[in-house]
Structure formats: structure tokens, C-alpha cells
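Per my numbering, the sequence shown runs over residues 10 to 377. Even for Gly, the Cβ is constructed at its ideal location relative to N, Cα and C.
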Amino acid sequence: LLFLDSHIYHIFHFHASPILCKLKFKAECPILILVIITSFFLLPPLILSSPTHPSLVPCWEASEKLEYGARTIRGKITKLLPEFLSEIPLVDTHPHSASRTAKPVDWEEVLSCLEVERSVGEVDWAQPGSCGGMAMLESFIDQRLRLFATHRNNPNFDALSHLSPWIHAGQLSAQRVVKQVKREKNASESVLSFTEELVVRRELADNFCFYNHNYDNISGAYDWAKKTLQDHAKDCRQYLYTKEQLENAKTHDQLWNAAQRQLVLEGKMHGFLRMYWAKKILEWTASPEEALSIAIYLNDHLSLDGCDPNGYVGCMWSICGIHDQGWAERSIFGKIRYMNYAGCKRKFDVAQFERKYAAVKETSKKSV
Numbered sequence: 010l011l012f013l014d015s016h017i018y019h020i021f022h023f024h025a026s027p028i029l030c031k032l033k034f035k036a037e038c039p040i041l042i043l044v045i046i047t048s049f050f051l052l053p054p055l056i057l058s059s060p061t062h063p064s065l066v067p068c069w070e071a072s073e074k075l076e077y078g079a080r081t082i083r084g085k086i087t088k089l090l091p092e093f094l095s096e097i098p099l100v101d102t103h104p105h106s107a108s109r110t111a112k113p114v115d116w117e118e119v120l121s122c123l124e125v126e127r128s129v130g131e132v133d134w135a136q137p138g139s140c141g142g143m144a145m146l147e148s149f150i151d152q153r154l155r156l157f158a159t160h161r162n163n164p165n166f167d168a169l170s171h172l173s174p175w176i177h178a179g180q181l182s183a184q185r186v187v188k189q190v191k192r193e194k195n196a197s198e199s200v201l202s203f204t205e206e207l208v209v210r211r212e213l214a215d216n217f218c219f220y221n222h223n224y225d226n227i228s229g230a231y232d233w234a235k236k237t238l239q240d241h242a243k244d245c246r247q248y249l250y251t252k253e254q255l256e257n258a259k260t261h262d263q264l265w266n267a268a269q270r271q272l273v274l275e276g277k278m279h280g281f282l283r284m285y286w287a288k289k290i291l292e293w294t295a296s297p298e299e300a301l302s303i304a305i306y307l308n309d310h311l312s313l314d315g316c317d318p319n320g321y322v323g324c325m326w327s328i329c330g331i332h333d334q335g336w337a338e339r340s341i342f343g344k345i346r347y348m349n350y351a352g353c354k355r356k357f358d359v360a361q362f363e364r365k366y367a368a369v370k371e372t373s374k375k376s377v
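Given below as C-alpha cells:
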């Protein structure tokens, strides 16, 4: 409605390769500027008239190289924030009404063209669209932000923003989120902590996927990590699970099973548990390559914010030590940081989380 009120009438839908769509669009429409959202991933490159970017600071502006960690990129991001946190301009009303309007969109046809995994059901906690994203942002600021600094790593507390699906889908901008959160004066520690996660850590993930074409495989790991994983690739595993067993939460570890059920049922997993979840896949599969492949598959297949730099870097951090350092060497993991069940019990009430997801059934999800 905002665009209609501003004399912006056209909706275009092309179902083809990005390059062919761009050429067809420019041939059919007398346009001055074409704005296309960029991708970090291994797709045919586009020559853009005006590239836009889903993050706050475009990664090519933040750094000209692959960064090693948050400490090496934080200062660069901070320096640029004032420029990219400028006020978001309102959409101007176009001075002329359209001389012609586009053909009505057949939304059923659009839906039928989507190449998605239709066996994955809907979730009932997230309202799609910008309005749903803004509502979730407001509830975060009003109800959960004050808990973020102290309870963000406790899966039993509702202290997270839950905003990643909307930011990932381009329905809510990181810029708007940061500006809204920074207005909150009564939770300064949480504001700083949340801004670090949303801005610095997210930009670091973008940097990795933009400058490292092996962002989703072992070849993208640091040399020390590749060596240590190779040195321990043949270590004996006490448990070995298939992709199907893992997807169906059929392991001996009830905490891991509960985390996987949360992912299946809600389309999201608590951030602390996602680290434990991925590291256990390394421990329970035949090789680091298989572990990374399964972790990325499950995340992209089931998570509302799958196929995103944060997801790839999360799996690469857990399994390949990206943006981390070497730790004490041990079986299977080598020098990759280790996490275990006992460590989780020291962090939060594991039994409470296990009970929450112990009895839930996958059939409770609606079908698409």
C-alpha cells in the first residue's frame, strides 16, 4: 500500500537465471536504475547498476580482504557505522502517475515455481513480512532485550531477538534493528552485546563468505585446522550415525535430540546449542567432510535462516575452527574447540530443555 500511495505500481516476476532476467527486464522496461540484491554465494556474477546489500556495512566497504576474526574487523566496522547508520529516507511520492500498469500477478503460479522443499512444514511462531518482523523487533525491545547480556547463552530463557528469519529474507534491515535498539536507554549492557552480535559477528560472516569461495567445505578452513582434522580423521568413533538418524533425532544424546527437535519444529535452534549440535555431528560421523556436509544440509534444509553466511560460518566455526584458535589436542577433534554434555550442564539446566522437547511430535507441524 505504501508503494501504491507513492504512485509505484509495478510488480515484476521472472522465473529464469538471474542474468537472463536482468537482460529481459532491461529490454522490456524503460528504466533508469536497476537495483538488485547481491549474493555472497557461488552463483553467476551479475554486473549491477546499483548493488544493494543485506548487511549494515557492505562487506567490500568494510574490508578488502578475508579477515581472521572479530578483533581484526571490529575497528573497521565501527569506523564506518556512522555513515551507514544514517536515517532511512521515506519513499517519495512519484510526481507522475503511471501511464500503464503491469499485468496482475498470478500468485498461485509464482508459488508453483518456487523450488523449495515442500516436505518441511510451516511454523506458527513467525508472521512473515515486514509487519511481522517489526512486531518481533518491538517485542524484543520491550520484553527480552534487558535479558540479552546475561541470559543469551541459556536456552531455557527467552532472551534472544528471534529476528534472523526476517533479516535473512530482506524483510527487516539490520540498519533499522540497530537504530531501534540503540534508542533503548535502560539496557546499555544488552544493547552493546546485541550490537556486537548483529553487526560485528554478522559482518564477519559476510566477509568470510564473500572472500572465501570454499565457505562451505573443508578446503575453506585454516591450514592448522585442515591438518589437525586430517590427522584425526581415522580416529575411532564410539558412535556413528547416518544423516537420516541425525535428522530424525535418533541419537543416544537427549540434549542433542532436543536441539534437533527444536530445529525441526520451530525452524530455528538456540545459538548456544547450535555450536554443541554441530560439534557432536563431527564426533558422530565418519569424517570431517561428512560432518560438515550433514550440518550444512540440516541447517539449510530446516532453518528459517538457512542458506545464510551466519549458518555457513556457524558450521565452519564448530567443525573447522574458522574464526577460532587451536585448543588442547584430543581424539577426533584434534585442536578444534571441544564441547561436551557435562559442559552444557554447567551452563544451564539441561534436563529442563530436554523435557521441553522430549514429548513433542513432528506431526504437530503444519504441512506446507
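Cys140 versus Leu181, His241, Gly78, residue with shortest Cα-Cα distance: The shortest C-alpha separation from Cys140 is found at Leu181.
Ile328 and Ala287 closer than 8 angstroms at C-beta: It is a contact, given that the beta carbons lie within the stated cut-off.
At least three beta-carbon pairs within less than 8 angstroms, the segment 239-249 to the segment 289-297: Note that the segment 239-249 touches the segment 289-297; at least 3 beta-carbon pairs, one per stretch, sit closer than 8 angstroms.
Beta-bridge pairing of Gly84 - partner residues as DSSP gives them: DSSP lists no partner for Gly84.
CB contact flag (Ala353, Tyr285, <8 angstroms): One point to set straight first is that residue 353 is Cys, not Ala, in the sequence displayed. Yes, Cβ-Cβ distance for Cys353 and Tyr285 is below 8 angstroms.
Any 3 or more C-beta pairs closer than 8 angstroms across the segment 144-153 and the segment 120-133: Taking 8 angstroms as the limit for Cβ pairs, the verdict is that the segment 120-133 does not touch the segment 144-153.
Met278 to Asp133 span [Cα, whole Å]: Roughly 15 angstroms separates the two Cα atoms.
Given 8 angstroms, three or more beta-carbon pairs between the segment 225-239 and the segment 261-281: Contact between the segment 225-239 and the segment 261-281 is absent, because fewer than three Cβ pairs lie under 8 angstroms.
Sequence-distant residues of its chain with Cβ nearer than 8 angstroms to Ile303 (five each side left out): Excluding sequence neighbours, Ile303 sits near Lys252, Leu255, Ile290, Thr294.
Exposure of Arg364, with buried meaning 16 or more beta-carbon neighbours within 10 Å: By the neighbour-count criterion, in which a residue is buried when 16 or more other Cβ atoms sit within 10 angstroms of its Cβ, Arg364 is exposed.
Coil, strand or helix - Gly323 by DSSP: The answer is helix: DSSP assigns Gly323 an H, G or I state.
Element boundaries [alpha helix (DSSP H), containing Gln263]: 263-275 is the span of the alpha helix (DSSP H), which, as asked, contains Gln263.
Buried versus exposed call for Lys344 [16 or more other C-beta atoms within 10 Å across all chains shown]: Under this definition Lys344 is a buried residue.
Whole-angstrom distance between Lys191 and Val114, CA atom to CA atom: Their backbone Cα atoms lie some 39 angstroms apart in a straight line.
Gly330, DSSP secondary structure in three states: Here Gly330 sits in coil by DSSP.
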